[in-house]
Amino acid sequence: MKGKELLQRLLQMVISLFGVSLLTFSLMFLSPGDPVEMLLEVGDTIVSEETIAETRAQLGLDKPFYIQYARWLGGVLQGDMGMSYSAKMPVAQRLWQGLPGTIVLATAATVTMLLISVPCGILSAVYRNRPLDYLIRGFSFLAVSMPSFWVGLILLYILGLKMRLFPISGGEISFDRVVLPTLTLAIAMAAKYARQVRTAVLEELGQDYITGARVRGIPMWKILWRHVLPNACLPLITLLGLQIGWLLGGVAVIEMVFSWPGIGKMAVHAIEMRDYPLVQGFVLWIAVLYMGINLLVDISYTYLDPRLKRRGAEW
6 MKGKELLQRL LQMVISLFGV SLLTFSLMFL SPGDPVEMLL EVGDTIVSEE
56 TIAETRAQLG LDKPFYIQYA RWLGGVLQGD MGMSYSAKMP VAQRLWQGLP
106 GTIVLATAAT VTMLLISVPC GILSAVYRNR PLDYLIRGFS FLAVSMPSFW
156 VGLILLYILG LKMRLFPISG GEISFDRVVL PTLTLAIAMA AKYARQVRTA
206 VLEELGQDYI TGARVRGIPM WKILWRHVLP NACLPLITLL GLQIGWLLGG
256 VAVIEMVFSW PGIGKMAVHA IEMRDYPLVQ GFVLWIAVLY MGINLLVDIS
306 YTYLDPRLKR RGAEW
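So, in structure tokens, the structure goes:
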């Protein structure tokens, strides 16, 4: 990727981030519910109109939409995403508190997904239209068809409540508590990724050089390891990057089902409380993550694919 093209991508990212932030701010502004009332009127507590008006003025919520957005955007450009209404702390600090849990869950789910999907995808391609291929594709179709939260509830009921192998409550990050949400995410991700691995491997197995290698008597495992997998992995890098970006952005539903202390669970609570700065910070985090990972994937393609490297040199 040349410097000019990289500069264009970065400019597109800035424009996209501006659009995403403006859209999110508009939706939160137009949504029903007063964040000040939600913040002050806890339980049966009765708060006077004067206190609500004073708090609204302190938070700047009495200003028109464009002034509120301009103030928030100006703070972001200076590295300040504002204060969380509900947590009463800087948004960046609140996001950092939820980040470790999401990173642990995303890493565990990604590793588990790869351990399941890559071997299954390869076996399904090598034994195409045979019983093992039909079995893997059948399980893959079944796993893709089931909602992740439903799978999570089933695992929670069987492995947690009935068999008592894993805890079903608690808010700390620990090995025994990460197993069930990891399996829930990995099952759905592996089902999709195994089909993509199968397609990529089948495409490489149909190439003429693979036929020549088979004619020369080269063992299949050597063909797969030395030729098929290095070439098949290139189109899978983009899909893996998107999966990681989705996970790090926070899988809110799964984190809510298992009470996992991550960014997704935090974002759901922020939306319920109409915590504008925290919601904006969360959405900005996801947008930057997605765009950044896509950019890194495109850059890595230049180094991993010799054809693109030669084309870049010719330009």
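When we follow this note's numbering, the leftmost residue of the sequence shown carries the number 6, and every step to the right adds one. For glycine and all other residues, C-beta sits at the position ideal for the given N, C-alpha and C.
- DSSP places Pro136 in the helix class (H, G or I) of the three-state scheme.
- When C-alpha distances from Gln285 are compared across Ser53, Leu28, Glu209 and Arg169, the shortest belongs to Leu28.
- Here the C-alpha atom of His232 lies approximately 9 Å from the C-alpha atom of Tyr214.
- Trp226: member of the alpha helix (DSSP H) spanning Met225 to Ile228, first to last residue.
- Looking at the backbone, the Cα of Phe23 and that of Leu16 are separated by about 11 Å.
- Exclusion of the five residues before and after Gly267 leaves Gly103, Gly106, Thr107, Leu110, Gly255 and Glu260 as the residues of its chain whose Cβ lies within less than 7 Å of its Cβ.
- Annotation for Leu64: the continuous alpha helix (DSSP H) segment containing it runs Glu54 to Leu64.
- When C-alpha distances from Trp230 are compared across Glu277, Trp265 and Leu210, the shortest belongs to Leu210.
- Only residues of its own chain outside the window of five on either side were considered, and among them Val52 and Ile57 have a CB closer than 8 Å to the CB of Glu42, listed in chain order.
- Straight across, the Cα-Cα distance linking Ala195 with Gln248 is about 10 Å.
- Per DSSP, reduced to three states, the secondary structure at Met18 is helical.
- With a 10 Å radius around the Cβ and a threshold of 16 neighbouring Cβ atoms, Met33 comes out buried.
- Inclusion of Ile298 and Gly246 in the CB contact set at 8 Å is warranted, their separation being smaller than that value.
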